[in-house]
Structures are given as structure tokens and as C-alpha cells.
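I have placed the structure first, in the form of C-alpha cells, so that the comments after it can refer back to it.
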Amino acid sequence: MAEPSFLQTAQGRSIAYHKTSGEGPCVVFLGGLKSDMQGTKAVHLEDWARATGRAFLRFDYSGHGESSGTFEEGSIGDWHEDTLAAIDELTEGPIVPVGSSMGGWQSLLLARARAERIAGLVTIAAAPDFTEDGWWAGFDDAQKAQLESEGRVALPSDYMEPYIVTKRMIEDGRQNLVLRDALELPFPVRMLQGTADTAVSVETATRLLEHASSPDMQLLLVKDADHRFSDGPCLGLIEQAVEQVLVE
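Going by the numbering used here, the first residue of the sequence shown is number 13, and it counts up by one from there.
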């Protein structure tokens with residue numbers, strides 16, 4: 013396995029990445045919370061990009077994978093800064109972000125900050141505003157009190173070890189919400205969502221579909237697909253979605 017390259021950001025973080033040269037627009041994979049760029053979807057898309065001669069970038073947010081920092085220190089805003097640094101420093105011209113779960117939220121923040129760079133967008137089980145509408149809204153009084161007194165609370169996960177949710181992460185998330193104000197996506201968008209996803213609901217997907225403005229936005233629901241969305245048929249659907257926005 014090739015060793016990653018590293019990008020030093022203005023915030024002093026070291027961001028690990030793999031970049032594949034090829035034809036633009038460059039496809040950029042934005043991973044999920046506590047995921048990394050070695051995941052099945054990221055590596056599969058890199059293989060697809062190489063096979064089709066497409067430029068491709070995958071990277072680890074700070075506190076994830078091989079990048080510097082720890083997860084508990086991070087927040088949505090930090091990872092948005094990491095994403096902007098990767099896009100601004102490592103790509104040129106049009107891009108097609110592919111955002112998975114929390115990466116879907118990151119892709120929407122990216123669209124708000126760099127709309128002129130985006131040729132098309134693909135989301136996979138996008139989880140916009142989950143720190144507020146999922147975590148905070150689901151906390152009971154005891155968890156909210158613990159967050160206030162101790163600065164953190166542990167939440168179980170169906171897919172990995174418990175999440176450590178910090179007070180900073182909740183407060184920072186509130187500064188980066190995308191479903192409260194107008195969300196303009198002036199490019200083709202393809203959203204993929206499994207009906208058996210226990211981390212992100214179909215209702216979240218339809219809320220985003222109804223809230224955002226786009227000239228060409230489609231939501232594909234896949235019966236019985238879970239949050240990983242990484243078996244053979246699902247990976248094929250991701251390829252198709254990327255190809256659709258590339259030819260628009």
C-alpha cells in the first residue's frame with residue numbers, strides 16, 4: 013500500500029491524502045465521522061478513477077486516520093477547514109465531491125463556500141446537522157447535564173466503538189447548520205440512501221431533498237441497504253451517480 017502524502021494547513025494540522033492524476037473534474041471523496049480514507053467506498057472510487065482516467069482525491073480529516081490530532085479534539089468546523097484546505101491546495105478547476113454520512117454535511121458546507129468550483133455533487137446517507145437534530149435533540153436531561161458539567165458524553169454506535177461527543181462539538185455544530193437557511197446547490201446532485209440505515213433516516217434524506225434548491229436533484233432510495241452502503245450493488249450505484257453528474 014502506497015504511503016500517503018501530507019498537507020500542512022494554516023491551522024497547523026497535518027492532513028494525510030492520496031491523489032490520483034487524471035482528467036477533470038476531480039472527484040473528491042469526503043468520508044464519514046470516525047471513518048478514514050482507507051474505507052471501502054473511498055478505495056473503490058479510487059480504483060474506478062484510475063480505470064477511467066479520472067482525477068481523484070481522498071484524505072483524512074484531522075483526528076481521523078493518518079492525519080494529526082485526536083477525534084475528541086475536533087469539530088464540524090475544524091473538518092470543514094480541513095476540507096477547504098484540501099480542495100484549495102490539492103485540486104484545480106471543477107470538482108465533484110462525493111460525501112458519505114458526515115461527509116455529506118461537509119460537502120454541503122463546501123458547496124456553500126466554493127459553489128463555483130463544483131461541477132456536480134453526490135451524497136451517500138448524507139447527515140447534515142446531525143449534531144443538533146440527532147445528538148442534541150436525542151439527549152435526555154441527564155446527558156445534557158453531563159455534557160455541561162463534564163464537557164463530554166459517550167454515545168453507542170451500531171457500527172463502531174462509542175462516540176465521544178464533546179460540548180465543543182455540539183456548540184460548533186450549531187455554527188455550521190445547513191438546513192435552517194436557504195441552501196443553493198446550482199449543479200446536478202445525486203443523493204443515495206438505504207432504507208435499512210439505522211444511523212441516518214430516510215426522513216433526513218427527504219428533508220434535505222425538499223430543503224435544497226438545485227436545477228437537477230434526485231434521491232435514490234435503496235431497499236434494505238444499510239449505512240455502510242458498500243456492498244457490490246451499492247458501489248455500482250455510487251459509480252453511476254458520479255458518472256451522471258459528470259456528464260450533465
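The C-beta atom is built at its ideal place from N, Cα and C for all residues, glycine as well.
Could you give the C-beta distance for GLY77 and GLU85, rounded to a whole number, given that I count them as a contact under 8 Å?
-> Between GLU85 and GLY77 the Cβ distance is about 15 Å, and since that is not below 8 Å, they are no contact.
Tell me which same chain residues have a C-beta within less than 8 Å of the C-beta of ALA166, skipping the five on either side of it?
-> PRO174, TYR175, ILE176 and VAL177
Does the Cβ of ARG202 have 16 or more other Cβ atoms within 10 Å, making it buried, or fewer, making it exposed?
-> buried
Is PRO106 near ARG124, with beta carbons less than 8 Å apart?
-> no
If you run the structure through DSSP and keep just helix, strand and coil, what is PHE241?
-> Coil, per DSSP.
Just how far apart, CA to CA, sit TRP91 and LYS156?
-> CA-to-CA, the gap between TRP91 and LYS156 works out to about 24 Å.
Which ranges does the beta strand (DSSP E) cover as unbroken runs of at least 3 residues, wholly within the region 148-216, from first to last along the chain?
-> 164-167, 175-178 and 201-206
Whole-angstrom C-beta distance between ALA137 and GLY116, which should lie under 8 Å = 7 Å
Using the rule of at least 16 other Cβ atoms within 10 Å of the residue's Cβ for burial, across every protein chain shown, is LYS235 buried or exposed?
-> exposed
To which residues of the same chain is THR210 closer than 6 Å at the C-beta, ignoring the five residues directly before and after it?
-> ASP170
The region 188-207 touching the region 64-71, judged by at least three CB pairs closer than 8 Å | no
Pull up the distance between the alpha-carbon of SER242 and that of VAL55, whole angstroms please.
-> 11 Å
Using the C-alpha atoms, what's the distance from THR32 back to THR21?
-> 20 Å
Close Cβ partners of ALA208 (< 7 Å) along its chain, the five nearest in sequence each way excluded = ASP236, ALA237 and ASP238
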